[in-house]
Amino acid sequence: MTDTQAINELIQNYAASICSCDIDKAAEIWQTDERTTFIHPLGTECGWESVKNNFYGKIMHGMFSERKLIIRDTLTEIYDDAAVAIFQWDFFAVKRADGNNIETHGRESQVYRRVAGSWKIIHGHYSNMPITL
Numbered sequence: 429m430t431d432t433q434a435i436n437e438l439i440q441n442y443a444a445s446i447c448s449c450d451i452d453k454a455a456e457i458w459q460t461d462e463r464t465t466f467i468h469p470l471g472t473e474c475g476w477e478s479v480k481n482n483f484y485g486k487i488m489h490g491m492f493s494e495r496k497l498i499i500r501d502t503l504t505e506i507y508d509d510a511a512v513a514i515f516q517w518d519f520f521a522v523k524r525a526d527g528n529n530i531e532t533h534g535r536e537s538q539v540y541r542r543v544a545g546s547w548k549i550i551h552g553h554y555s556n557m558p559i560t561l
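With the first letter of the sequence shown counted as 1, position 1 gets the number 429 in our numbering; the numbers rise by one all the way through.
Now the structure itself:
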């Protein structure tokens with residue numbers, strides 16, 4: 429498997445970890461120490477424990493009873509033991525509080541580091557799609 433294929437597989441595993449809110453699966457793809465960072469519309473997470481507890485726990489699990497994240501239009505660049513990918517996503521969910529469906533679309537960049545032969549997400553940043561002026 430090429431490095432680009434490995435990163436693309438990791439991105440699909442990332443989407444699966446969001447859909448299932450599977451912390452064990454997430455821990456396999458994220459760097460699990462205090463250097464991990466993740467920026468999203470509801471906050472900034474610094475450290476794996478913050479990503480795990482706030483993003484996966486409070487937001488994805490706490491706010492949504494069902495989640496589906498579809499990744500598309502991925503571009504990946506490899507730099508020896510580091511890599512960057514950008515992609516667009518479509519997110520469909522059911523709000524836990526009232527059962528209403530939501531649909532959002534956005535884009536994300538992720539930074540990866542090769543650790544002991546395996547790629548790990550060390551930083552993620554997502555935002556809404558650009559607005560039309």
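Ideal Cβ placement from N, Cα and C applies to all residues, glycine included.
Exercise for review: Using beta-carbon positions only, say whether I499 and A434 come within less than 8 Å of one another.
Suggested key: no
Review point. With DSSP run on the structure shown, which of helix, strand or coil describes N482?
Key: helix
Review point. If you follow the beta strand (DSSP E) that A521 is part of, which residue opens it and which one closes it?
Key: A510 to K523
Practice item. Alpha carbon to alpha carbon, how far is F519 from E456? Give it in angstroms, no decimals. Key: 22 Å
Practice item. Check whether the Cβ atoms of K523 and F492 lie closer than 8 Å to each other. Key: yes
Review point. Opposite Y442 in the DSSP bridges: which residues?
Key: DSSP, once it has assigned bridges, lists no residue as partnering Y442.
Point to revise | Rounded separation between L575 and G490 - CA only | key: This structure leaves residue 575 out entirely; the chain is present only between 429 and 561.
Exercise for review: Quick one: give me the first and last residue of the alpha helix (DSSP H) that I457 is part of.
Suggested key: I451 to I457
Point to revise | Residues near D526 in its chain [Cβ-Cβ closer than 6 Å; skip 5 each side] | key: none
Point to revise | Host beta strand (DSSP E) of H489 (start-end) | key: Element bounds for H489: n/a, residue is neither H nor E.
Check your understanding: What number of angstroms, rounded off, separates the C-alpha of N528 from the C-alpha of C447?
Key -> 17 Å
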